[in-house]
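Reviewing the structure listed below.
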Amino acid sequence: MPYFETSDEWYEQSSLLIKARPTSARVTSKYTVLKPTPSKIKKREKYLVKHPNTASASDSTAVPPTLANSEAPTATFLLKTYDPVSGTCLQYETNKAAEVGRLIGNLSRLGRHMAALPEIKEDQSAAAAGEDIATPSLEGQIKLEDTSEQKPSGGGGGKKKKKGKK
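Just so you know, we're using full-length UniProt numbering here: the sequence shown kicks off at 1 and counts up by one.
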């Protein structure tokens with residue numbers, strides 16, 4: 001059961017597995033939030049006191065973290081592609097919040113293979129090259145009205161937006 005280092009590796013291998021066996025392979029995801037137990041917090045504090053060089057380089061003092069800092073929950077996101085026919089299981093686990101949204105977006109593309117739908121190719125080369133995208137003109141469809149016959153509008157007719165508290 002291989003664990004992949006990057007999400008790109010997992011995605012490539014998973015898409016190959018799903019293309020090979022779209023009816024039997026399945027993708028599962030699991031999101032876990034773990035709050036450390038008090039015994040693990042004490043062990044971590046003792047370890048940081050004994051090994052001050054493992055603290056971050058920006059932290060020049062060797063003071064153990066407070067209880068509030070070490071109580072921060074750890075969240076993990078596990079993706080697993082499994083095929084029971086061949087016995088193949090591909091896993092990728094991350095604790096980066098920004099990557100979770102991107103991975104969930106990729107799951108829809110993997111699901112298209114399982115549903116026997118064609119792949120959608122995203123053409124980002126036109127947008128990256130700065131080419132103008134042609135938009136249809138509405139001049140022939142909309143009759144322009146003469147603006148001199150319209151009555152003048154008074155200012156300040158709408159509600160004001162409320163500003164957020166800082």
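Glycine is no exception: its CB is placed at the ideal position from the N, C-alpha and C atoms.
* Asked: In whole angstroms, what is the alpha-carbon distance linking Lys19 and His113?
  -> One-based indexing of the sequence shown puts residue 19 at position 19. One-based indexing of the sequence shown puts residue 113 at position 113. A direct Cα-to-Cα measurement between Lys19 and His113 gives close to 6 Å.
* For Asp26, name the three-state secondary structure that DSSP assigns. => Reading the sequence shown from its first residue, position 26 is the one you call residue 26. Reading off the sequence shown, one finds Arg at residue 26, where the question assumed Asp. Three-state DSSP puts Arg26 in a strand.
* The beta strand (DSSP E) with Glu45 in it runs from where to where? -> Sequence index remark: in the sequence shown, residue 45 carries index 45 (1-based). From DSSP, Glu45 is part of no beta strand (DSSP E) but of the alpha helix (DSSP H) over 38–50.
* Curious, which full-length alpha helix (DSSP H) runs of at least 4 residues does the segment 95–120 contain? -> If we require 4 residues or more, the alpha helix (DSSP H) runs fully inside the segment 95–120 come out as 97–114.
* Excluding the 5 residues preceding and the 5 following Tyr11 in the sequence, name in chain order all residues of the same chain whose CB lies nearer than 6 Å to its CB. => Against the sequence shown, residue 11 aligns to sequence position 11. Setting aside the 5 residues that flank it on each side, Tyr11 is surrounded in the same chain by Asn106, each with a C-beta closer than 6 Å to its C-beta; the list follows chain order.
* In terms of residues, what are the limits of the alpha helix (DSSP H) holding Lys19? -> The residue you call residue 19 lines up with position 19 of the sequence shown. Looking at the DSSP string, the run of the alpha helix (DSSP H) that includes Lys19 is 7–20.
* How many Å lie between Leu103 and Ser7 at the Cα? -> Within the sequence shown, the letter at position 103 stands for residue 103. Within the sequence shown, the letter at position 7 stands for residue 7. Distance from the CA atom of Leu103 to the CA atom of Ser7, rounded to whole angstroms, is 8 Å.
* To the nearest angstrom, how far is it from the Cα of Leu67 to the Cα of Asp83? -> The residue labelled residue 67 in the question sits at position 67 within the sequence shown. The residue labelled residue 83 in the question sits at position 83 within the sequence shown. At Leu67, the pLDDT of 42 sits below 50, so the modelled position is not reliable; the number obtained from the coordinates is stated separately. Cα atoms of Leu67 and Asp83: separation of roughly 43 Å, rounded to the nearest angstrom.
* Span of the beta strand (DSSP E), counted from its first residue to its last, around Tyr3 -> For the purposes of this step, residue 3 is taken as the residue at position 3 of the sequence shown. Where Tyr3 is concerned, there is no enclosing beta strand (DSSP E), given that its DSSP letter is neither H nor E.
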